[in-house]
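Presented below is the structure to which this report refers.
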Amino acid sequence: MVLILLILIPLLTGILSFAVKGDGAKALALVSSMVTLAVSAYVSGANYIAPVTFTHSWIPVLGSQFSLLADGMSSMLCLLTGIVVMVVMIVNVNKEAEKPGAFYGFMLLSQAGLMGVFLASDALLFYVFWEIALIPVYFLCSRWGGEKRIPVTFKFFIYTFVGSLMMLAGLIYLSMQIPLHTSYSWSDITRAGAALPAETQRWLFWLLFIAFAIKMPIFPFHTWQPDTYEQAPTAVTIILSALMVKMGLYAVLRWLLPVLPAGVAYWSDTVVVLSIIGIVYASCIAMVQTDIKRLIAYSSIAHMSLMCAAAFSHSYIGMHGVMVQMFNHGINITGIWVMVSIIENRWGTRDMTKLGGMATVAPAMAIALVVISLANIGLPLTNGFVGEFMLYLGLFSGTSPWHIAFMVVAGSGVILGAVYTLNMIQKTAYGAVTKMVIAKDMSANEYIGVAIIISLVIFLGVYPKPLLDLTAGIAGMIVK
Amino acid sequence: MNAIIATTVFGVIMMFAGIWVSNKNSITAIAAILFAVLLGVNIWDLVHASDNAPQLLFSNMLRIEHNSLWFNTLMTGCTLLYILLMGKEIQKVGLHVAEYFALIFFILCGLYLLSTYNNMLMLFIGIEILSIPQYILAGSDKRNLKSSEASLKYFLMGAFSTGILLMGITLLYGASRTFNIMEMAGVLHSDSLNPLALAGIIFIMIALSFKVSAAPMHMWTPDVYDGSPTAFTAFMATVVKAGAFFAFMRLFQVSFGNLSNHWMLVLAIITAATLLVGNVTAVFQQSVKRMLAYSSIAQAGFMLFAVLAGNAAAWNAIFIYAVAYSIATIGVFSVLIKLKDYTYDGFNGLAKKEPLLAFVTTIFLFSLAGIPLTGGFMAKYFVLLAVVQQGQLMWLVIFALLMAAISVYYYFRVIIAMYFKTGTPELNSAVTAGDKLMLVITCILVLVLGIFPQLFLI
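Note that the protein sequences, when read in sequence, are chains A and B.
Counted the way the numbering used here counts, the first sequence spans residues 2 to 481.
Counted the way the numbering used here counts, the second sequence spans residues 1144 to 1601.
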């Protein structure tokens, strides 16, 4: 019963928010996100004892049920969703948006969709939430985004929609393999999929994988991503990069790896190669960017590709690393976007060539930027290190005959990541002082938001055990 | 059975109402009440029909089954919704308002015959009763040349396709010595199929493809839908088309179901062509009304899937699809008709001026595009499910999904115009509270259909 609250609270407050005018919408969104976080923390806590489930009949004709399941992976991602949305709401307290009621309403609706995606254990329900999470983001980007927002968002929408339709075909095909077609539950789909002949699994794999690859995004399906991140309002970019791309990876772990084992085994080297191309390619492009938002967008492609590569490495430590890194990457990228939005607000530009001297004029801001950026490149004692270390270890101990080559080439991502991140720090925090449009350091609400991020960065970097324990069981189950 | 008699009587009553009642509003009110009564009669028929034994009527001419009655009820419900949404606009089309309603009653009579026919002759009569009133409705805006053109074009093409239908029936009679569709199924065998029968089946397929505007027999559709008064286009493109589909499916499942290996590929190619032509051409339209005409071709492609699948799941699919598509299209048309400018630019800035209108239009377009939680998604889902279950046409399923992705482009252009572009759309008349209430009800129906589709199944 508690699981349905995770979807209902943001859904209902989101709908309510459309009717609220002015600052009331902000307050409503903040309170709603705090309550949702509290519930998701409770669910994660309960998970150390036993997974939480909820089932109710939905469409008996199809055998589809409204069934939710929060195991280690799901509850961790719900917790991440709760934290990220709350931080966004806290940081946005002093921001002015046109029509705040609609803006926060759409934000909360997308949170409801995301929660649904992470919790659904029925294939049809999963698909419904997968689409529902997208619609509010479409409106958010098209209404409140940058100059080129309409064509860019349209491209993003059509891209992901094509992917989802492919997935729909795959899911229908899978559900047809269940005797009597009476169920869409995860366990039945998994059983039916695993029993399929290897040839069928091989083509079915692509129907599902293309949808997930577009979402993550994996080279060559990534072209929507930098434009969309750049044009979307920063609050939405956070939702996109910290949470929505995780939908793709989560879907791979939940609805692909266990469902089509033979197909995955056949194609995993291909996917790892695509991912590694993505790492090197995106890192190289990130190095020559001058717009911070685009730089982070490309670095995000590299990080997601690394996680995808490890997910297909068939090693326990890699799988466990993917789980941990999904959480850590969500936290770190949120922190970076928050810093970028503060910089943009104070200097009026995101162009690195026009920035500089932050450490002199706004020291607190500079310290926060440095800490979060270092966590993003995986410095020891930050949370990024724990995840990235496990990912590389997993790639290295993978079952593929080329695992060493994979490891070596993917490893260049660490160096390239350090290059562009340190370059960014140097150009924004140090160097000649440039004129600020609004000359002040971080405000109180920004302090709180950044403090939450940094304390998580340090805490999980020093003591990652709670996170590791939460996801150990499910990682083992997927690899097996 | 009662419904067939009731709709005929009501049609006659409406014709006379035009003589005695001169106030247009009263005529519309009378019509709305009669349609509500007709819905009641349909529900009465449905409740009192025995579940298992089909009822044979008029020397085996009609065979009333449970799903025929259910389909009739759903379609009458859609017609009532259409009258309530569009009643005022129908009044504005021309002088003889009562006749228009009478013609719609006669169309429903044809639809009831098409859902219950047990004999090729009744199929023919049903199609004629369904079509002839439409020719008149298409030309009802007499001062408009495009309307007259639409009427003539529709009439010529309709007559032509009816000829082909008759030819097909004749050939089939020659091969099977019966007009009865149940007996025909027993006489025709797949492994020793008479070439006459095969030719007959293909002729009938082509004739029915004309009626449901499947490519390459779709050429009349855009001109007719564009030229006809918008109030009647909304009806022709939805309920009428759904009725033709039901007839199509009934014949190809009952009579030719066992022969599917002979006609399956032809129909699959027609389906693919329909999806391609409808979706790709819709992208290039500048007028929303014309776009909706092509979109109706595209949606017909999806409904053909139900005919192709021809299994038990296909019946569920055709119910959900017919209702979801009809409600959403009638909804979009009822918003479109309020605008002066039918181009995409005419929608610019509608969200600022009439937020509710823009919101409901968005939901209707979501439904047409097949976004989850709307009826359109469940409709597409049930249809695809039926085909995948049938098992041979996975390539067509994937092709159809790619086409559905294209459809997002032209449906969302309207949403972009309404929400993200600036402009001041000109309305024909003020939107009254009654209009808003009806639109909200329609919108809720679309959502209910998307969340609890089982409510619309037997």
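Each residue gets a CB set at the ideal place from its N, CA and C atoms; glycine is no exception.
For chain A, is any of its Cβ atoms less than 8 Å away from the one on residue 1557 of chain B?
Translated into positions along the second sequence, residue 1557 of chain B becomes position 414. No - not a single Cβ of chain A is within 8 Å of the one on residue 1557 of chain B.
Cut-off 8 Å between Cβ atoms - residues of its own chain near residue 1583 of chain B, not counting five sequence neighbours on either side:
For the purposes of this step, residue 1583 of chain B is taken as residue 440 along the second sequence, with counting starting at 1. Answer for residue 1583 of chain B: 1499 and 1503, listed in chain order.
In angstroms with no decimal places, state the Cα-to-Cα distance between residue 1445 of chain B and residue 1418 of chain B.
Taking the first residue of the second sequence as 1, we reach residue 1445 of chain B at position 302. Taking the first residue of the second sequence as 1, we reach residue 1418 of chain B at position 275. Between residue 1445 of chain B and residue 1418 of chain B, the C-alpha separation is close to 7 Å.
Contact check, residue 442 of chain A vs residue 365 of chain A under 8 Å by CB: the rounded distance?
As a first step, residue 442 of chain A is located in the first sequence; it is residue number 441 there, counting from the start. As a first step, residue 365 of chain A is located in the first sequence; it is residue number 364 there, counting from the start. That pair is a contact at about 5 Å.
Within a Cβ cutoff of 6 Å, which residues of the same chain sit near residue 449 of chain A, ignoring the five residues on either side of it in sequence?
Here residue 449 of chain A corresponds to residue number 448 of the first sequence, with the count starting at 1. Hits under 6 Å: 91.
By DSSP, does residue 482 of chain A sit in helix, in strand, or in coil?
Residue 482 of chain A falls outside the range modelled here, since chain A spans only 2 to 481, and no answer is possible.
Same chain only: Cβ atoms within 6 Å of residue 1221 of chain B, ignoring 5 sequence neighbours per side
Here residue 1221 of chain B refers to the residue found at position 78 of the second sequence. Answer for residue 1221 of chain B: 1382 and 1469, listed in chain order.
Sorted by chain position, which residues of the same chain lie with C-beta nearer than 8 Å to residue 196 of chain A's C-beta, five sequence neighbours on each side aside?
Within the first sequence, residue 196 of chain A is the residue found at index 195, counting from 1. Once the five neighbours on either side are set aside, the close Cβ partners of residue 196 of chain A are 178.
Specify the secondary structure class of residue 186 of chain A as computed by DSSP and reduced to three states.
Mapped onto the first sequence, residue 186 of chain A falls at position 185. Reduced to three states, the DSSP call for residue 186 of chain A is strand.
On a CA-only basis, which of B/1391, B/1271 and B/1520 is nearest residue 1551 of chain B? Give me that one, please.
As a working note, residue 1551 of chain B is residue 408 in the second sequence. Residue B/1520 is the option with its Cα nearest to residue 1551 of chain B.
Quick one: grab the DSSP three-state call for residue 398 of chain A.
In the first sequence, the residue the question calls residue 398 of chain A occupies position 397. The answer is coil: DSSP assigns residue 398 of chain A none of H, G, I, E or B.
Closer than 8 Å at the beta carbon, the chain A residues around residue 1459 of chain B:
Within the second sequence, the letter at position 316 stands for residue 1459 of chain B. The contacting residues are 62.
Less than 8 Å separating the beta-carbons of residue 288 of chain A and residue 480 of chain A?
Here residue 288 of chain A corresponds to residue number 287 of the first sequence, with the count starting at 1. Here residue 480 of chain A corresponds to residue number 479 of the first sequence, with the count starting at 1. In this structure, residue 480 of chain A does not lie closer than 8 Å to residue 288 of chain A by Cβ.
Closest by CA to residue 1 of chain A, which one among A/106, A/210, A/388 and A/206?
Outside the modelled stretch of chain A, which goes from 2 to 481, sits residue 1 of chain A, for which no answer is possible.
Along the chain, where does the alpha helix (DSSP H) containing residue 1414 of chain B start, and where does it finish?
As a working note, residue 1414 of chain B is residue 271 in the second sequence. Element bounds for residue 1414 of chain B: 1403-1426.
Could you compute how far the alpha carbon of residue 1378 of chain B sits from the alpha carbon of residue 1479 of chain B?
Counted from its first residue, the second sequence places residue 1378 of chain B at position 235. Counted from its first residue, the second sequence places residue 1479 of chain B at position 336. Near 14 Å, if we compare the C-alpha coordinates of residue 1479 of chain B and residue 1378 of chain B.
Own chain, CB closer than 7 Å to residue 375 of chain A, minus 5 neighbours either side, in chain order
As a position in the first sequence, residue 375 of chain A is number 374, starting the count at 1. Once the five neighbours on either side are set aside, the close Cβ partners of residue 375 of chain A are 383.
Quick one: what's residue 54 of chain A bridged to in DSSP?
Working through the first sequence from its first residue, we reach residue 54 of chain A at position 53. Per DSSP, A/70.
Using the Cβ count rule (16 or more neighbours within 10 Å means buried), how would you classify residue 434 of chain A?
Counted from its first residue, the first sequence places residue 434 of chain A at position 433. Burial call: exposed.
Are the CB atoms of residue 1263 of chain B and residue 1207 of chain B nearer to each other than 8 Å?
To locate residue 1263 of chain B, count along the second sequence from 1; it is residue 120. To locate residue 1207 of chain B, count along the second sequence from 1; it is residue 64. Cβ atoms of residue 1263 of chain B and residue 1207 of chain B: not closer than 8 Å.
Interface residues of chain B facing residue 169 of chain A [CB-CB closer than 8 Å]:
In the first sequence, counting from the first residue as 1, residue 169 of chain A sits at position 168. Here the neighbours are 1524, 1527 and 1544.
If you run the structure through DSSP and keep just helix, strand and coil, what is residue 1199 of chain B?
One-based indexing of the second sequence puts residue 1199 of chain B at position 56. Residue state, collapsed to three classes: strand.
Expressed to the nearest angstrom, what Euclidean distance is found between the alpha-carbon atoms of residue 1536 of chain B and residue 1407 of chain B?
Here residue 1536 of chain B corresponds to residue number 393 of the second sequence, with the count starting at 1. Here residue 1407 of chain B corresponds to residue number 264 of the second sequence, with the count starting at 1. Each residue's Cα considered, the two are about 10 Å apart.
Using the beta-carbon count (16 or more within 10 Å), is residue 1166 of chain B buried or exposed?
Position 23 of the second sequence holds residue 1166 of chain B. So residue 1166 of chain B counts as exposed.
Helix, strand or coil at residue 403 of chain A according to DSSP, with G and I counted as helix
If you number the first sequence from 1, residue 403 of chain A lands on position 402. In this structure, residue 403 of chain A counts as coil in the three-state DSSP scheme.
Do we get a CB-CB distance below 8 Å when we pair residue 1 of chain A with the residues of chain B?
Absent from the model: residue 1 of chain A. The displayed extent of chain A is 2 to 481, so no value can be given.
Residue interval of the beta strand (DSSP E) (run including residue 179 of chain A):
Here the question's residue 179 of chain A lines up with position 178 in the first sequence. Unbroken run through residue 179 of chain A: none, as it is neither H nor E.
Below 7 Å on C-beta distance, what does residue 136 of chain A contact in chain B?
Start at 1 with the first residue of the first sequence, and residue 136 of chain A comes out as number 135. Within chain B, the residues near residue 136 of chain A are 1514.
Output the boundary residues of the alpha helix (DSSP H) element that contains residue 1206 of chain B.
On the second sequence, residue 1206 of chain B is found 63 positions in, with the first residue counted as 1. From DSSP, residue 1206 of chain B is part of no alpha helix (DSSP H) but of the beta strand (DSSP E) over 1205-1207.
Taking the continuous alpha helix (DSSP H) assigned at residue 1497 of chain B, which residues delimit it?
The residue labelled residue 1497 of chain B in the question sits at position 354 within the second sequence. Taken as a continuous stretch (DSSP letters only), residue 1497 of chain B belongs to no alpha helix (DSSP H), as it is neither H nor E.
Is residue 185 of chain A close to chain B? Criterion is C-beta to C-beta, closer than 8 Å.
Within the first sequence, the letter at position 184 stands for residue 185 of chain A. Not an interface residue.
Let me make sure I understand the geometry here. Which of A/93, A/9 and A/41 has the alpha-carbon closest to that of residue 31 of chain A?
Counted from its first residue, the first sequence places residue 31 of chain A at position 30. Taking only the C-alpha atoms, the option nearest residue 31 of chain A is A/93.
Please state the DSSP three-state secondary structure of residue 1337 of chain B.
The count along the second sequence starts at 1 and reaches residue 1337 of chain B at position 194. Coil, per DSSP.
Sequence-distant residues of the same chain with beta carbon closer than 6 Å to residue 110 of chain A, five excluded per side:
Numbered from 1 along the first sequence, position 109 holds the residue referred to as residue 110 of chain A. Hits under 6 Å: 15 and 137.
Assign residue 435 of chain A to one of three DSSP states: helix, strand, or coil.
Counting from 1 along the first sequence, the entry for residue 435 of chain A is found at position 434. DSSP places residue 435 of chain A in coil when its eight states are reduced to three.
Say whether chain A places a C-beta atom closer than 8 Å to the C-beta of residue 1622 of chain B.
Beyond the ends of chain B as shown, which are 1144 and 1601, falls residue 1622 of chain B; an answer cannot be given.
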